[in-house]
Amino acid sequence: MVRLSDYETPVTWSAEQLSGWRESGGQSFVTEDALMAFTREHGLETTPRILEQDGAAMPKDLEGAFASLRAHAPATRCALDAGAGQHPEGIVVRTRDRRTLAKLRYEDDARTLRAKR
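Residues 311 to 427 (our numbering) are what the sequence shown spells out, left to right.
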């Protein structure tokens with residue numbers, strides 16, 4: 311969840327302007343605690359939380375990241391419907407303050423690992 315004091319201006323921007331704004335820190339994400347409080351208050355659900363661990367314990371290489379992805383997300387936990395299948399796209403890893411994130415994606419990681427071999 312992002313807090314915007316002015317949401318009307320960004321919706322008029324081009325894709326390039328939006329991308330530049332995002333890449334330069336224009337999106338101000340709320341912390342995990344604030345997000346949880348907001349969703350409880352408004353009766354909303356968040357995406358499934360898979361695990362919480364110290365960042366130092368995270369894998370430092372692609373092989374380790376892919377193994378972690380397979381271990382923690384072997385099947386989706388939020389299929390939109392029964393026909394969607396159980397194949398997850400990946401997981402998003404974030405700091406609790408939500409300032410830093412990384413996406414671990416099955417397709418991207420598998421492709422990169424194949425290219426390395």
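By construction, the Cβ of each residue, glycine as well, lies at the ideal position given by its N, Cα and C atoms. It should be emphasised that the depicted structure is a prediction, and the values quoted were computed from it without experimental measurement.
Reduced DSSP category for residue i - H, G, I as helix; E, B as strand; rest coil
{"i": "R313", "result": "coil"}
{"i": "G365", "result": "helix"}
{"i": "K413", "result": "strand"}
{"i": "R421", "result": "helix"}
{"i": "V402", "result": "strand"}
Candidates the options: closest to residue i by CA position
{"i": "T357", "options": "T410, T319, M311, G330", "result": "M311"}
{"i": "V402", "options": "L390, G395, T386, D391", "result": "T386"}
{"i": "D343", "options": "R359, A381, D316", "result": "R359"}
{"i": "G374", "options": "W323, T322, Y416", "result": "Y416"}
{"i": "V340", "options": "S315, Q363, A425, T322", "result": "S315"}
{"i": "R421", "options": "L372, C388, Q396, A389", "result": "L372"}
Residue i classed as buried or exposed, judged by whether at least 16 other C-beta atoms fall within 10 angstroms
{"i": "F348", "result": "exposed"}
{"i": "L411", "result": "exposed"}
{"i": "L414", "result": "buried"}
{"i": "L379", "result": "buried"}
Span separating the alpha-carbon of residue i from that of residue j
{"i": "M368", "j": "G393", "result": "33 Å"}
{"i": "L361", "j": "A383", "result": "10 Å"}
{"i": "T319", "j": "A381", "result": "42 Å"}
{"i": "R406", "j": "T322", "result": "31 Å"}
{"i": "R408", "j": "G335", "result": "12 Å"}
{"i": "A425", "j": "E355", "result": "38 Å"}
{"i": "K370", "j": "R404", "result": "15 Å"}
Proximity test, residue i beta-carbon vs the ligand ADP heavy atom, cut-off 8 Å
{"i": "T341", "result": "Absence of the ligand ADP is noted for the structure shown, with no ligands found whatsoever."}
Nearest-angstrom beta carbon gap, residue j and residue i [assumed within contact, 8 Å]
{"i": "L345", "j": "F376", "result": "With a Cβ gap of about 28 Å, L345 and F376 do not count as contacting."}
{"i": "R313", "j": "S329", "result": "The pair is not a contact, with the Cβ atoms about 20 Å apart (cut-off 8 Å)."}
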